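Some notes on the structure that comes next.
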Amino acid sequence: MIFAKKAVLILGAILLGATTSINIVMAQGSTMTDAQISQIKSSCLTAKDTLAQLHANDALLRVNRGQMYESMATKLMTPFNNRVDNNHLNSKYLVAVTQDYKDALTTFRNDYITYEESLSSALKIDCTKEPVSFYDAVADARTKRTQVHSDVLKLHQYIDQYKSTFEQFVTGLMNFNGSNN
Amino acid sequence: MDENIQTEVVSTAQPVLSFWDQHRYLLLIAVSIAIAMFLVTISMALYNSSGAAQLDLSRPGYSTVTSQAVKNDSNFANYPDTGTLDKSSIDQFRSLYNAQAVSAKAVDAFSGDPLDPAALEISAPVAPAQ
């Protein structure tokens with residue numbers, strides 16, 4: 001009997017909590033109030049249009065920039081390293097930077113795939129029915145886009161690093177040629 | 182005429198066909214479709230997993246940007262990997278590399294924060310109570 005009373009009290013408390021004016025919904029660490037959920041619902045269709053445009057623009061950016069970064073390695077760095085090697089000169093440092101650059105390029109490609117998949121899944125969510133999932137998916141895509149941006153910055157650093165390694169190589173070569181003449 | 186001549190009666194009765202023998206064309210079509218579907222599934226899996234899907238601007242939704250894609254980068258000169266390494270070849274490389282490095286770094290790709298909830302006008306969550 002006492003047990004039944006306790007059960008009714010616990011159930012009542014749960015129901016009371018559920019019907020409180022400020023409901024709290026949690027999904028993947030996000031905690032939202034009813035007001036926030038209704039705001040997402042009301043503005044999510046506009047947000048989805050923005051996301052769709054961003055999706056297309058980022059794809060274009062990936063194609064054009066990716067082609068440029070790829071050409072830096074295949075049309076400039078690697079041929080120069082080969083030429084240095086063919087002339088029996090030390091290409092070790094240039095090759096090392098090129099390898100780092102290529103690794104960074106692979107990371108950029110993979111991170112972009114992850115980001116694109118994340119953004120695509122956010123676009124597939126019916127935000128009027130699943131506002132919290134939509135919010136979380138956008139937050140996830142945001143984190144992954146930041147990662148892609150840091151990959152781009154890393155590529156830029158390697159482009160600079162190759163240039164300084166090249167200049168060091170040239171200085172060494174000139175000194176070597178000067179001392180031999 | 183000659184009574185010794187014996188006439189052989191050749192049996193022309195139709196052989197009994199099994200169900201699959203009777204429907205062999207249907208079977209052929211069904212197997213062909215199944216093989217085609219299997220190959221398409223593998224192709225789609227490769228298309229998605231290899232990253233080709235992300236580079237395919239002919240997909241629906243990308244029509245607005247398709248025309249802006251750089252279709253050939255012929256203005257990106259190829260440095261020859263053979264020949265002597267003298268001052269002029271080094272200067273040639275320096276000039277090519279510097280020009281391309283400037284254009285590679287000219288765009289700070291994927292910068293900014295367009296997915297910020299505030300920019301998208303979707304509310305920020307309340308921090309969970311500690």
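Protein sequence lines correspond, in order, to chains E and P.
Counting from 1, position 80 in the first sequence corresponds to residue 80 in the working numbering; the numbering is continuous, with no gaps.
Counting from 1, position 124 in the second sequence corresponds to residue 305 in the working numbering; the numbering is continuous, with no gaps.
Where a beta carbon is used, it is the ideal one built from N, C-alpha and C, also for glycine.
In this text the structure is predicted, and so the values were computed from the model without any measurement.
{"Check": "Step through the CB atoms of chain P and report whether any lies within less than 8 Å of the CB of E:N57.", "Outcome": "yes"}
{"Check": "Can you round the beta-carbon distance between E:S71 and P:F291 to whole angstroms, since I take them to be within the 8 Å contact cut?", "Outcome": "That pair is no contact at about 19 Å."}
{"Check": "Just by C-beta distance, which residues in the stretch 237-255 of chain P are closer than 7 Å to chain E?", "Outcome": "L238, G242, Y243, T245, V246, Q249, A250, V251, D254"}
{"Check": "Looking at the unbroken alpha helix (DSSP H) that takes in P:D272, where does it start and where does it end?", "Outcome": "268-287"}
{"Check": "Residues of chain E with CB under 8 Å from P:P261, in chain order?", "Outcome": "P79, R83"}
{"Check": "Could you tell me whether the stretch 134-150 of chain E touches the stretch 281-297 of chain P, using the rule of 3 or more Cβ pairs below 8 Å?", "Outcome": "yes"}
{"Check": "Excluding the five sequence neighbours on either side, which residues of its own chain have a C-beta within less than 7 Å of the C-beta of E:N81, listed in chain order?", "Outcome": "S91, L94, V95, T98"}
{"Check": "Evaluate E:A141 with the Cβ neighbour count: other Cβ atoms within 10 Å of its Cβ, from every protein chain shown; 16 or more gives buried, anything less gives exposed.", "Outcome": "buried"}
{"Check": "Please list, in chain order, the residues of the stretch 38-55 of chain E that have any C-beta partner in chain P closer than 8 Å.", "Outcome": "Q39, I40, S43, C44, T46, A47, T50, L51, A52, Q53, L54, H55"}
{"Check": "Chain C beta carbons: is any one of them nearer than 8 Å to that of P:Q273?", "Outcome": "The structure shown contains no chain C; the protein chains it does contain are E and P."}
{"Check": "Using a cut-off of 9 Å between C-beta atoms, extract the partners of E:K75 located in chain P.", "Outcome": "D254, F257, A258, N259, Y260, L277, Q281"}
{"Check": "If you draw a straight line from the alpha carbon of P:V246 to that of E:L89, how long is it in whole angstroms?", "Outcome": "45 Å"}
{"Check": "At what residue ranges does the stretch 82-140 of chain E contain a whole run of the alpha helix (DSSP H), taking only runs of 4 or more?", "Outcome": "92-124"}
{"Check": "Please list, in chain order, the residues of the stretch 130-161 of chain E that have any C-beta partner in chain P closer than 7 Å.", "Outcome": "Y135, V138, A141, R142, R145, V148, H149, V152, H156, I159"}
{"Check": "Whole angstroms is fine: what's the gap from P:F219's alpha carbon to P:L227's?", "Outcome": "13 Å"}
{"Check": "So if I threshold CB-CB distances at 7 Å, which residues from the stretch 223-236 of chain P count as touching chain E?", "Outcome": "G232, Q235, L236"}
{"Check": "Just by C-beta distance, which residues in the stretch 106-120 of chain E are closer than 9 Å to chain P?", "Outcome": "R109, N110, Y112, I113, Y115, E116, E117, L119"}
{"Check": "For P:T222, which of helix, strand or coil comes out of DSSP?", "Outcome": "helix"}
{"Check": "From this set, E:Y115, E:K129, E:E116, E:F134, which residue's C-alpha is nearest P:E302's C-alpha?", "Outcome": "E:F134"}
{"Check": "Which residues in the same chain have their Cβ closer than 8 Å to the Cβ of P:A250, if we skip the five residues on either side of it in sequence?", "Outcome": "L238"}
{"Check": "Give a yes or no on whether the minimum CB-CB distance between E:N175 and chain P is below 8 Å.", "Outcome": "no"}
{"Check": "What does E:Y69 reach in chain P if we use C-beta pairs closer than 7 Å?", "Outcome": "A285"}
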